[in-house]
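Report on the following structure.
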Amino acid sequence: MAQLSPLLKQATPVLAERGEGVHLYDAEGRRYLDFTAGIGVTSTGHCHPRVVAAAQEQVATLIHGQYTTVMHRPLLRLTEALGEVLPPGLDALFFLNSGSEAVEASIRLARHATGRQNIVAFQGGFHGRTMGAAALTTAGTKFRAGSGPLMPGVAVAPFPQAYRYGWDEGEATRFALRELDYLLATASAPADTAAFVVEPVLGEGGYIPAPPGFLEGLRERADRHGILLVVDEVQTGFGRTGRFWGHEHTDARPDVLITAKGLASGFPLSAIAAPTALMERGRPGSQGGTYGGNAVACAAALATLEVIRDEDLVANAARLGARLNDGLRKTAAEHPAIGDVRGLGLMQASEFTTPDGEPDPAAAARAHRAAADRGLLLLTCGAFGNVVRMIPPLIVTADQIDEALDLWSAAVAC
Ligand code: PMP
3 MAQLSPLLKQ ATPVLAERGE GVHLYDAEGR RYLDFTAGIG VTSTGHCHPR VVAAAQEQVA
63 TLIHGQYTTV MHRPLLRLTE ALGEVLPPGL DALFFLNSGS EAVEASIRLA RHATGRQNIV
123 AFQGGFHGRT MGAAALTTAG TKFRAGSGPL MPGVAVAPFP QAYRYGWDEG EATRFALREL
183 DYLLATASAP ADTAAFVVEP VLGEGGYIPA PPGFLEGLRE RADRHGILLV VDEVQTGFGR
243 TGRFWGHEHT DARPDVLITA KGLASGFPLS AIAAPTALME RGRPGSQGGT YGGNAVACAA
303 ALATLEVIRD EDLVANAARL GARLNDGLRK TAAEHPAIGD VRGLGLMQAS EFTTPDGEPD
363 PAAAARAHRA AADRGLLLLT CGAFGNVVRM IPPLIVTADQ IDEALDLWSA AVAC
C-alpha cells in the first residue's frame, strides 16, 4: 500500500474538504479562517463562483491546447487582459506553470539577452526550489543545505533588513546599496552581470518590504551597468500589497516581471513579462514546457482579473491591510514577545523575539499552533522561523479581519 512521502512537511494537520471564500472546512465540517490563502494564491477566495464557472466552461471546451503545438484562445485573451495591468512597456508575456519555472525562465532570458552569466540575488530572498531558483534563494539554508552544487554564477548582496540590523530604513538601504556596489567591484563585474533578481517584499524571508530608495537604487545601477532588473512578484503581485504590483510602492520599474500565485486563483500558472524588444534577444524555442499556459488555468486567470477589477480587490487589500496592521500592532503592544509588526497591504507579519532581541522561533510556533487550534490558519516565515504571517484572500471583509485579530490576540496570550 502506498503512503505519502515523509518528504512532505505540513504546517497544520488539517484535511481540507472544501473551501469557500476565506474559509476552509475539514471533513467534520469544522470551519477555519484561512489566512494563508494557499501561500498567497487564492486571492479571490476559495472557489470564487466566477472563477469556478470560467474553469468549468473551459474544461468542457478544451482542457489542454499545448502552446508550442497549437495556440488557444484563453492564452490569447489572457495576454490581452494582462496588458491592461502590466507596467507600461512590459508588453510581451511568456507563460509557465509555477513561480520557480518562471524564475528559471527569467534567468535564461537575462543570460540570453545580455550575453552575461552572473545573477545577483538578495539575502533573505526566496525564488523557488528548482536548482536555478534555489541558487537565488537565501530565505533559509533549509532550501539549500545538502542540495548543492546549485546553479553557479550567483552572487548574493544584502537586502536592507532594518529591524534585524537595528537601524533605520535609510541607513539599512544605504548599507545594502553600498555593499552591492562593493560586490560589483569585487566579485561580479558589471560586464559579467546579467540581472538583479529581487522581491519587492521579502516573502518567505520574513515579510520585509523593500525600504524607500532600495529598488530605485537597483534601477539606477541596472541602468548604469546595462544589468536587467528582474522583479519577482510571485507573492507580491495581483493586488496582494494594496497596489496591483508590489514594486508600484516604489518609483522603480522592472525590465522583467515574474508573476504566479494570485494570477489564477489556485490553478497552476505563471508568467514572465518583459518588453518585446528584450524578449526578442532571447532564443525562441529555448523556453517552455508541456503544460505552460494551460487553457483551464488561463480561463481561471482571466476570471481572476475580472473579479479583482469588479470587486475592487486592490483597494480592499490596501484598506483592510491597514486595519490588519493596526490590530497586529495593538496585540504586539501588549506582548513584548512580538518585536516587530510589518507588511504591505494584506501581506502582514509579526516577528517574535526574546527579551534580548534574539529570534524566538519557539514563541512563533506556539502562537501559530494556538491560532490553528482556534480555527485561524496562518504560516510562519523568516530565516529563523520566528515570523508569523497573515495573507488572507483579498476578498476578506473588515469583520473577518477583526475576527482573525481576536483569535490572534488569544493565541499570542497562550
Ligand atoms: N518567488 C517567490 C517570491 C515566491 O514566494 C515563491 C513561492 N513561495 C516562488 C518564487 C516559487 O513559486 P512556486 O512555489 O510556484 O515554484
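Here the numbering used here is used: the first residue of the sequence shown is 3, the next is one more, and so on.
Here a beta-carbon is modelled for each residue, glycine too, at the ideal position from N, C-alpha and C.
### Task
Compare the C-beta of Gly-323 with all C-beta atoms of chain D and state if any pair is closer than 9 Å.
This model lacks chain D altogether, as it is built from one protein chain only.
### Message
Please determine whether the Cβ atom of Arg-245 lies at a distance below 8 Å from any heavy atom of the ligand PMP.
### Response
The residue labelled residue 245 in the question sits at position 243 within the sequence shown. Incorrect: Arg-245 has no Cβ contact closer than 8 Å to the ligand PMP.
### Query
Just to confirm, does Gly-101 get its C-beta within under 8 Å of one of the non-hydrogen atoms of the ligand PMP?
Locating residue 101 in the sequence shown gives position 99, counting from the first residue. Flag set: Cβ of Gly-101 near the ligand PMP.
### Query
CA-CA distance, Lys-11 and Gly-85?
Stepping through the sequence shown from its first residue, residue 11 is reached at position 9. Stepping through the sequence shown from its first residue, residue 85 is reached at position 83. Taking C-alpha positions only, Lys-11 is separated from Gly-85 by approximately 38 Å.
### Query
Can you tell me the Cα-Cα spacing of Pro-419 and Asp-36, whole angstroms?
There is no way to answer for residue 419, as the model of the chain reaches only from 3 to 416.
### Message
Rounding to the nearest angstrom, what Cα-Cα distance links Val-414 and Leu-396 in this structure?
### Response
Position 412 of the sequence shown, counted from the start, is the residue given in the question as residue 414. Position 394 of the sequence shown, counted from the start, is the residue given in the question as residue 396. The alpha-carbon of Val-414 is positioned some 24 Å away from that of Leu-396.
### Message
By alpha-carbon positions, which one of Phe-198, Gly-241 and Val-236 ends up nearest to Arg-223?
### Response
Sequence index remark: in the sequence shown, residue 223 carries index 221 (1-based). The candidate whose alpha carbon is nearest that of Arg-223 is Phe-198.
### Message
Rounding to the nearest angstrom, what Cα-Cα distance links Gly-347 and Val-236 in this structure?
### Response
Numbered from 1 along the sequence shown, position 345 holds the residue referred to as residue 347. Numbered from 1 along the sequence shown, position 234 holds the residue referred to as residue 236. One C-alpha to the other measures close to 15 Å.
### Task
Just list the beta strand (DSSP E) runs in the segment 318-361, keeping only unbroken ones of 3 residues or longer that don't cross its boundaries, in chain order.
Secondary structure remark: continuous beta strand (DSSP E) runs of at least 3 residues inside the segment 318-361, in chain order: 340-346 and 349-354.
### Message
Applying the 10 Å Cβ sphere with the 16-neighbour rule, what's the burial state of Ala-39?
### Response
Position 37 of the sequence shown, counted from the first residue, corresponds to residue 39. Residue environment: Ala-39 is assigned as buried (16 or more neighbouring CB atoms within 10 Å of its CB, all protein chains considered).
### Task
Starting from the N-terminal side, write out each stretch of the beta strand (DSSP E) that is 3 residues or longer and does not extend beyond the segment 152-191.
Qualifying beta strand (DSSP E) stretches, in chain order: 156-159.
### Query
What is the DSSP secondary structure of His-251, reduced to helix, strand or coil?
Counting from one through the sequence shown, the residue named residue 251 turns up at place 249. The answer is helix: DSSP assigns His-251 an H, G or I state.
### Query
DSSP on Phe-124, reduced to helix/strand/coil?
Within the sequence shown, the letter at position 122 stands for residue 124. In the structure shown, the three-state DSSP call for Phe-124 is strand.
### Query
Going straight from the alpha carbon of Lys-144 to that of Ala-374, what length do you get?
Position 142 of the sequence shown, counting from 1, holds the residue named residue 144. Position 372 of the sequence shown, counting from 1, holds the residue named residue 374. Their backbone Cα atoms lie some 24 Å apart in a straight line.
### Task
Could you tell me how far apart the beta carbons of Ala-366 and Thr-356 are, in whole angstroms, since I believe they sit closer than 8 Å?
In the sequence shown, counting from the first residue as 1, residue 366 sits at position 364. In the sequence shown, counting from the first residue as 1, residue 356 sits at position 354. Wrong, their Cβ atoms sit about 11 Å apart, outside the cutoff.
### Message
Looking only at its chain, what residues have a beta carbon closer than 8 Å to the beta carbon of Leu-230, apart from the 5 residues adjacent to it on each side?
### Response
Here residue 230 refers to the residue found at position 228 of the sequence shown. Excluding residues within five positions, the ones whose Cβ falls inside 8 Å are Ala-112, Ala-115, Thr-116, Ala-196, Ala-197, Phe-198, Ala-224, Asp-257, Val-258 and Leu-280.
### Message
Could you pull the DSSP bridge partners for His-25 from this structure?
### Response
Counted from its first residue, the sequence shown places residue 25 at position 23. Looking at the DSSP output, His-25 sits in a beta bridge with Glu-22 and Leu-35.
### Task
Within its chain, find whatever has a CB closer than 6 Å to the CB of Ala-275; leave out the 5 residues flanking it on each side and keep chain order.
Here residue 275 is taken as the residue at index 273 of the sequence shown, counted from 1. If we look at Ala-275 and ignore the five residues flanking it on each side, its Cβ neighbours are Leu-88, Leu-92, Leu-95 and Leu-259.
### Task
Could you say if the segment 47-55 and the segment 68-76 meet the contact criterion of at least three C-beta pairs nearer than 8 Å?
Taking 8 Å as the limit for Cβ pairs, the verdict is that the segment 68-76 does not touch the segment 47-55.
### Task
Check whether the Cβ atoms of Pro-160 and Glu-173 sit closer than 9 Å, and answer yes or no.
Locating residue 160 in the sequence shown gives position 158, where the first residue counts as 1. Locating residue 173 in the sequence shown gives position 171, where the first residue counts as 1. No. Outside cutoff.
### Message
For Ala-406 and Leu-322, which I take to be in contact (beta-carbon distance under 8 Å), what is that distance rounded to the nearest angstrom?
### Response
As a working note, residue 406 is residue 404 in the sequence shown. As a working note, residue 322 is residue 320 in the sequence shown. That belief does not hold up - the Cβ atoms of Ala-406 and Leu-322 are roughly 10 Å apart, past 8 Å.
#### Entry: DSSP bridge partner residues for Met-392 (one or two, in chain order)
Against the sequence shown, residue 392 aligns to sequence position 390. Residue pairing by DSSP puts Met-392 in a beta bridge opposite Gln-350.
#### Entry: Residues bridged to Thr-382 [DSSP beta-bridge criterion]
Taking the sequence shown and counting its residues from 1, the one referred to as residue 382 is at position 380. The secondary-structure analysis by DSSP pairs Thr-382 across a beta bridge with Val-390.
### Message
Let's see if you can read the secondary structure: which residues bound the alpha helix (DSSP H) around Asp-404?
### Response
Working through the sequence shown from its first residue, we reach residue 404 at position 402. Counted as a single uninterrupted DSSP element, the alpha helix (DSSP H) harbouring Asp-404 occupies residues 400-414.
#### Entry: Reduced DSSP secondary structure (H/G/I, E/B, other) of Phe-145
The residue you call residue 145 lines up with position 143 of the sequence shown. Here Phe-145 sits in helix by DSSP.
### Task
Please classify His-48: does DSSP put it in a helix, a strand, or coil?
As a first step, residue 48 is located in the sequence shown; it is residue number 46 there, counting from the start. His-48 falls in the strand class under three-state DSSP.
### Message
Mapping the DSSP letters down to three states, classify Val-87 as helix, strand or coil.
### Response
Here residue 87 refers to the residue found at position 85 when the sequence shown is read from its first residue. Three-state DSSP puts Val-87 in coil, outside helix and strand.
### Query
Is the beta carbon of Ala-262 less than 9 Å from the beta carbon of Glu-218?
Stepping through the sequence shown from its first residue, residue 262 is reached at position 260. Stepping through the sequence shown from its first residue, residue 218 is reached at position 216. Against a cut-off of 9 Å, the Cβ pair of Glu-218 and Ala-262 comes out as no contact.
### Query
Excluding sequence positions up to five away, which residues of its chain have a Cβ less than 7 Å from the Cβ of Asp-362?
Position 360 of the sequence shown holds residue 362. Correct list, in chain order: Ala-339, Phe-354, Thr-355, Thr-356 and Asn-388.
### Task
Report whether the distance from the Cβ of Phe-96 to the nearest heavy atom of the ligand PMP is below 8 Å.
By 1-based counting over the sequence shown, the position of residue 96 is 94. No - the ligand PMP has no heavy atom lying nearer than 8 Å to the Cβ of Phe-96.
### Query
Distance, Cα to Cα, Pro-402 vs Gly-244?
The residue labelled residue 402 in the question sits at position 400 within the sequence shown. The residue labelled residue 244 in the question sits at position 242 within the sequence shown. The sequence given here has Gln at residue 402, not Pro. Going by the C-alpha atoms only, they are around 17 Å apart.
### Task
Run the CB neighbour count on Pro-286, radius 10 Å, all protein chains shown included, and call it buried at 16 or more, exposed below.
In the sequence shown, the residue the question calls residue 286 occupies position 284. Exposed, since its Cβ has fewer than 16 Cβ neighbours within 10 Å.
### Task
Alpha carbon to alpha carbon, how far is Gly-345 from Ala-305? Give it in angstroms, no decimals.
The residue given as residue 305 occupies position 303 in the sequence shown. The residue given as residue 345 occupies position 343 in the sequence shown. Cα-Cα distance, rounded: 27 Å.
### Query
Comparing the CB of Phe-37 with every heavy atom of the ligand PMP, is any distance shorter than 8 Å?
Residue mapping note: residue 37 aligns to position 35 of the sequence shown, counting from 1. Result no, Cβ not under 8 Å from the ligand PMP.
### Identity of the residue in Pro-90, Val-398, Cys-416 and Gly-377 nearest Arg-368 by Cα
To locate residue 368, count along the sequence shown from 1; it is residue 366. Closest option to Arg-368, Cα to Cα, is Cys-416.
### Message
Rounded to whole angstroms, what is the Cα-Cα separation between Ser-102 and Ser-108?
### Response
What you label residue 102 is simply residue 100 of the sequence shown in a count that begins at 1. What you label residue 108 is simply residue 106 of the sequence shown in a count that begins at 1. One Cα belongs to Ser-102, the other to Ser-108, and the distance between them is close to 10 Å.
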